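Residue 1 is where the sequence shown starts when you use full-length UniProt numbering, and the numbers rise one by one after that.
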Amino acid sequence: MWERNLKESLDAWRDQIKKRLEAVDALCFESADSLSPDQYALLREKKNQLTADYDTVVRTVENIHGRLNVLASLLIEFSSKTSSLQSWMTHQTRVIGSIRERSADPQYLSEARHEAKALLEEVAREESSLKAIGALLAKIEQEVDSLYDSVPEASSRGIHSTEIRNTFYRVEDDFSALQKQCAELMQFQNRIGSLGNELNEHLRKVDDWFSNVEGDLIKVDRASDMTVEQKLIALEDLNQQVVDGNRHFDQVDQASRKLLNALDGLNAHTDVTSRHEIEAAERKKRHENLLDRIQEAFNYATAQKAANEGVRDAVLDLHSWLDDYEGRARTSRDVPLVEESLNELKREVQLLRMDLDSRLALTKDLENDLTKLSASNPPAWKDAVEEKLREATVRLQRNSTELRGFRDNVSDALEGVVRLESIGASLSRSCDALSSNLRATNARDLPRLREVAAELDAMNSQIMDMRHTAESIKRIPNVTGAEAVDAYVDGIGNKVTEVNSELEAKHSMHTQVGRLEEEFEEAKKRLNDWLSLFDAEILGLEPISISSEKLVQQRNELGALMEKHKEGLSLVDELDSIATRLGSAEESTGAGNRLSTVPRIAMELLTRYNAQGDALRTRSDKINALEHKATELFAAEEELRSWITAQNNNLSEFGLPTTADAVQSLQTMLDRLNKSRRTEQRRLDDIRLRGRELAGEASIPEEAQQVLDRNRAISDEWDLLSDRTDAMRDRLVQVEKWVDGYAAVEKWLSAKRRMLAAIGVASTDATIANTQLGQIQVIKAEMDGERSTWTKLNDVAQRLMNGLNSRWVDLERDLDEKEQNIQRASSLGAELKALQKDVMNKLGVLEADVEKFGNMLPSEVEARLNELSVFKSHLNGLNEQVDHMSDLISASDEVEIDPVNRGDLDDQMKGMRKKIQEMDRKLDHLKNIALSSRNEGDEIEKKLESLLDLALGAKAEIDQAAPISADRNRLQEHADSVNALLGKITEVEGDFPYVRAVVTERLKKAPDDELQSKLQRLSSNWNPAIGAVKERSAVVAKVRS
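Encoded structure:
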């Protein structure tokens, strides 16, 4: 849309300029006779330059317009594709999260793997879209560079591809992150599948082991062909297998912990943990039931063996067993803080516990048997056996207590060690992941750094928990390997400390980057302020003069300014140094450095600085060129003027020739002057051409006019010399004739004087006297014949002097008449100005009073009708003053006044009369309204609507009016239309305040929303519409004039 509007605007502007150029052509043609050759040549030159500049601008704008169309389409395509790809990536990110959640459930893992594979293939296919966006970015950058290459005069770039490139970088980074997420999803699924398979395999082994042991136990219980000793041996083997079965449980627990750690952070983690806990509780219960069944079977078999051996032998065997047991138990031995050793101890304690419990049960059976013996005929050894049984029971209970304490110590140590290893492994993985993420995190990403700090706080809490657990297990009696536990805890703590150090380094880097950014901002502000001040100084420079004296001064000022500009180089170097350090610091902060705007800002400021230097050098070159041209032109002018002065002096030195030799000498001098003038004519033409060129390059119109005036003055001097030479040549022709006649008459007179002398002196001799008289008569007769020649010579001389005298008298008379006209015109202007000022002041006061009356209600106006009559009389007085001013202007017809000035005076008189007529109509209207206000009813609403329609129609007509044309016919049509509209408005202009006042009064008495809305629309549209119509009328009138 905006491209079409720009194109239409350009076409309309081109048509207008074309018409104006045609008008300039017509003006050049019409003014060819009234302008001097220099003025006409300058006008044509300016016209040709304007035409060439216009054609160049049109071609350039059309070229840029076409390139902008291409660039706009590329940007739209780039924005569409990037937005589409971003939306797609956002959706795929959510899909990855959903697939990851489903992958946590073994039931959906296979399906989730198929979805992940399809997603990975889709991402691989979509990489072509990213490459297409990259190619589109390259096209955009190439188009922007080509656009500015086509306009090398552009001092600064308004279009930067940095933001577009940053957008592509963000899309590219997001796509890389999406690919990484897909790869991590595949790795996660593979890991979950592997861990799940490992857990299932261990569970299968545990289930098989349970089935085998339970089957063997059933076989032992039901074996009727086995002796008691064989059963005890078999039960001990089963018990050893059950104890060894803890290894399978440990493997299941470890596989479960690995799987749960892999699912940490997912929604399924809680459900899987609960399921694993339930399964572990069921395994534990099944294991305990199996131990209880084996224990019962072992106790039963032990009791059977004792029954078979007899009470006394059983008690004696019990003492020997106790000795062997105490040698095997060794409850005071060391407890190594190693999980494998502790598990071995736990299994050994379990075996000892089973043997010990079976013997404790046996003592109860033996006590019962001894009780039965004492009831009948007790044997002699009964008391001794009872005493031994009591000692064995005490020893068994003591060993049971010690074994229970030892078992508790082993369990506590094992639980602590497992807990330490679990927390340590989790912390180690978390540290590795956190360290990896921290290295990829931008140091300026404070929210992420705060998250890392929170995670480190949690890790430190876990480290404290590990240390507390380590201290607890180290307090267990007889523990060994405490140093290894401390070393393990310290190693995990060191890893957390290293991550914390990396975080502090990131914070330090952020602080450094922030400090560098502050320094960059301060340096940028200093340089920007300095550049702005320097721009202001450049803008404050005077336009380049074409006067040699001013050019010297301007060159000196420019030299000082160029030296000052060099001082700004230190600010540029400072900014560049900070930008370089900031760039290096940002590179070490992590990803995202290529999105930094620091290089672009530094480059823009450097471009501004270089542009200032270019502007100063361009100005310097122009000053030097203009000074060279001005100096050469002035020297040529002075040389030509000196030649003209010399020739004028030569002409002045020659008086009126009275001899043929003098005439011949003057003729020779004029011939030489004519020949020399033809030679100097080329210099004059060159001076005129260079003068026009220099004036065309002038930035100050006054100086251009001075050059043209000098050109015109030297041309006038040249023309004066030519006229003087031609006049002298013409006079010389006449003088030559007169001199020839004078010489002939003088020669004749000399001959006759000799003849008169030859007559001799008077003689009294009649003959001689008659002869002398005859000679005298002959001379007189010849003299009468030569008298006409003598008379003609006198007439020629007289005519020469009479023409010169007449021109002298005419010049004196014209000077006096011009002086009188100017004085009379000045006096008339002062008088008219004073009268006009008085009339306009009175009109202003009267207009304010009438406007005040217009805002009154009709009833108020009716009560003050006499004041309207006073206003009417004032208007009549003002009209008389205007008539008097018109009479003064009419009486000055005999005074020669500039026609344009006289036309302005007539327009001013017409304007004042028109304003007085408008005021008169307003007064009549107010009077009529006041008199007819009682008869008005609903007509006021119709009047309001008509005024509103008129205002809206006038505003619409002005807004939709075509541009003012230079064509006379179209201009006349436009003027007629505007004048007709202005006439309609003038007729009802006085109704507006009255209608507004009446409607306002009616609304106070009876509110009406519709009427209130109409009044508001009228009030908001009336004055703007009236002002627009009057302004358009004034513009049209000015164009017509």
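We put the beta carbon where it would ideally sit given N, CA and C, even for glycine.
Just so you know, these numbers come straight off a predicted model, no measurement behind them.
Helix, strand or coil at residue i according to DSSP, with G and I counted as helix
i            : result
residue 338  : coil
residue 155  : Summary for residue 155: the model assigns pLDDT 47, below 50, so the residue's position carries little reliability, and this model does not support an answer.
residue 441  : coil
residue 542  : coil
residue 511  : helix
residue 582  : helix
residue 597  : coil
residue 1025 : helix
residue 1    : Confidence is the limiting factor: at residue 1 the pLDDT is only 46, short of 50, which leaves the residue's position unreliable, though a coordinate-based value still follows. Coil.
residue 592  : In this predicted model, residue 592 has a pLDDT of only 46, less than 50, meaning its place in the structure is not dependable; the value taken from the coordinates is given anyway. Looking at residue 592 - three-state DSSP - the assignment turns out to be coil, as it is neither helix nor strand.
residue 308  : Model confidence at residue 308 stands at a pLDDT of 49, short of 50, so the residue's coordinates are unreliable; what they give is reported in the following sentence. Here residue 308 sits in helix by DSSP.
Rounded Cβ spacing between residue i and residue j (contact assumed at less than 8 Å)
i            : j           : result
residue 875  : residue 916 : 6 Å
residue 263  : residue 272 : 6 Å
residue 116  : residue 195 : Not quite, the Cβ-Cβ distance comes to about 17 Å (not below 8 Å), so this is no contact.
residue 1042 : residue 625 : Residue numbering for the chain in the displayed model covers 1 to 1041; residue 1042 lies beyond these limits and cannot be assessed.
residue 1036 : residue 975 : 5 Å
residue 192  : residue 104 : 7 Å
residue 356  : residue 399 : 6 Å
residue 474  : residue 485 : 7 Å
residue 506  : residue 431 : With a Cβ gap of about 15 Å, residue 506 and residue 431 do not count as contacting.
residue 276  : residue 260 : 7 Å
residue 214  : residue 290 : 6 Å
Whether residue i touches residue j by CB criterion (7 Å)
i            : j            : result
residue 82   : residue 144  : no
residue 459  : residue 427  : yes
residue 352  : residue 389  : no
residue 954  : residue 1025 : yes
residue 1032 : residue 958  : yes
residue 711  : residue 696  : no
residue 235  : residue 298  : yes
residue 714  : residue 637  : yes
residue 345  : residue 294  : no
residue 120  : residue 175  : no
residue 162  : residue 600  : yes
residue 544  : residue 699  : yes
residue 673  : residue 729  : no
residue 534  : residue 647  : no
residue 585  : residue 513  : yes
residue 469  : residue 419  : yes
residue 694  : residue 707  : yes
residue 1124 : residue 944  : In this structure the chain extends from 1 to 1041, so residue 1124 is not present and cannot be described.
residue 717  : residue 644  : yes
Of all the alpha helix (DSSP H) runs that stay within the bounds of the stretch 377 to 461, which reach a length of 4 or more residues?
382 to 440
Contact between the stretch 938 to 954 and the stretch 1007 to 1022 (3+ Cβ pairs under 8 Å):
yes
Any alpha helix (DSSP H) of 4 or more consecutive residues that is wholly inside the stretch 205 to 264:
228 to 244, 246 to 262
Do three or more CB pairs link the stretch 598 to 616 to the stretch 521 to 537 at distances below 8 Å?
yes
At a cut of 8 Å, does the stretch 661 to 679 reach the stretch 718 to 733 through at least three beta carbon pairs?
yes
Evaluate contact between the stretch 87 to 99 and the stretch 180 to 193, counting only Cβ atoms and requiring at least three cross-stretch pairs below 8 Å.
yes
How about the stretch 195 to 209 and the stretch 132 to 144: do they share at least three Cβ pairs that are nearer than 8 Å?
no
Hey, is the stretch 479 to 492 in contact with the stretch 410 to 426, meaning 3+ C-beta pairs nearer than 8 Å?
yes
At least 3 beta-carbon pairs within less than 8 Å: the stretch 822 to 840 vs the stretch 907 to 916:
yes
Do three or more CB pairs link the stretch 565 to 578 to the stretch 549 to 556 at distances below 8 Å?
no
Cβ contact (3+ pairs, closer than 8 Å) linking the stretch 749 to 759 and the stretch 776 to 796:
yes
Which complete alpha helix (DSSP H) runs does the stretch 50 to 80 hold, if anything under 4 residues is left out?
none
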